[in-house]
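Numbering (this note's numbering), first residue to last: 677 to 887.
Where is the CB? At the ideal position from N, CA and C, for every residue including glycine.
Quick notes on the structure that follows.
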Amino acid sequence: MNLEEATEFKSRLDNIKDNSEELFKNGVLHNKYFTIHGIDHSHAIISNLNDLVDGIEPNNELTKHEIFYLLASVYLHDVGMLVSDPNDEGTAKVISTHEMPFTKEDVIRKEHHIRSGKYVIEHADILSLDHFESECVRLICEGHRRVNLEPEEYDDRFIGNETIRVRFLAALLRFSDELDISYKRGPIKLLEILREEMPDYSAVSCNVVDI
C-alpha cells in the first residue's frame, strides 16, 4: 500500500512535509555524530509503513484520517532534534555528576520526542492542525521513543465522527522508525574519523558507499 497516495488530505500533508523539510534544511542539528534525521529518514519510515500496513486485517485497516495523522507524525517526529533549551547545559552537568557523562547534545537527543510534540502544539496553526488534531499528532510523535503507550491518554480518541487509534499509530511509527537501520543513516563525520581504525572489510564497505 502507498500511504501517501492513499491519503485524502494531500495538500494538508504537503504543507506539513514542506514545513519539516524547511526546518531540517535551515535548522541546526545539534550533533553531527548522531544518526541522520530529516526528510530522507521520513521517507524510509513511510516505506517501512507501506509494507507493514499491508499485513493489517481488512476489518482493522487504517482509516483515511488515521493515515493522515500517522504520516503527519512521520514528518514531525524528529523536529525536536533541532530544538535546544537554555537549561540543556545545566541538565547535562547534573546527569554527568550523578549518573553518566552527558553533553548538551545528549540531552537534546534524549528529550527530542517530547520537544517534537511541543513543537506540534506550539505551531499547530502553521501546520493547519486544529486543537484535537495537534494533540493526536503530538502523542504519536512522543510515542515513537521511550514513552509508555499504556496510559489512558493513548486510548482511542474521537475527532469528529472518526475513531483514531492513537496507541496503534504510535506503535506503528515506533516500529517503523526502529526498522530504519540502513548504513545510510551513519553519520559521515564519525565514519571519517573512525575509518583509520576500521578493519579492512569495514573500510571497503565505506568506500563502496562513497563516504
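Assumed close pair residue i, residue j - CB separation to whole angstroms, cut-off 8 Å
i, j, result
"His717", "Asp754", "7 Å"
"Val842", "Arg833", "6 Å"
"Glu809", "Ile835", "6 Å"
Boundaries of the alpha helix (DSSP H) in which residue i is found, first to last residue
i, result
"Leu699", "Lys686 to Asn702"
"Leu679", "Leu679 to Ala682"
"Ile771", "Asp764 to His774"
Check whether residue i and residue j have beta carbons under 8 Å apart
i, j, result
"Ile816", "His741", "no"
"Ile692", "Leu746", "no"
"His789", "Arg814", "no"
"Thr739", "Glu838", "yes"
"Ile722", "Glu697", "no"
"Gly819", "Leu758", "no"
"Arg688", "Ser804", "yes"
"Ile743", "Leu848", "no"
"Asp856", "Ala768", "no"
Buried versus exposed call for residue i [16 or more other C-beta atoms within 10 Å across all chains shown]
i, result
"Gly793", "buried"
"Asn724", "buried"
"Ser878", "Because the pLDDT of Ser878 is 43, which lies under 50, any placement of that residue in the model is unreliable, and the number read from its coordinates should be weighed accordingly. Per the 10 Å Cβ criterion, exposed."
"Val729", "buried"
"Glu775", "exposed"
"Val770", "exposed"
"Ser852", "buried"
"Glu681", "exposed"
"Gly782", "Correcting the residue type first, residue 782 is Asp in the shown sequence and not Gly. By the neighbour-count rule (16 or more Cβ atoms within 10 Å), Asp782 is buried."
"Gly766", "exposed"
"Glu787", "buried"
"Asp694", "exposed"
"Gly731", "exposed"
"Ser749", "buried"
"Glu811", "buried"
Quiz item: Can you list, in chain order, the stretches of the beta strand (DSSP E) that have 3 or more residues and sit fully within the segment 790-852?
Solution: Within the segment 790-852, the complete beta strand (DSSP E) runs of at least 3 residues fall at 833-835 and 838-840.
Self-check item: Residue ranges of each alpha helix (DSSP H) within the segment 724-754, 4 or longer
Solution: 740-752
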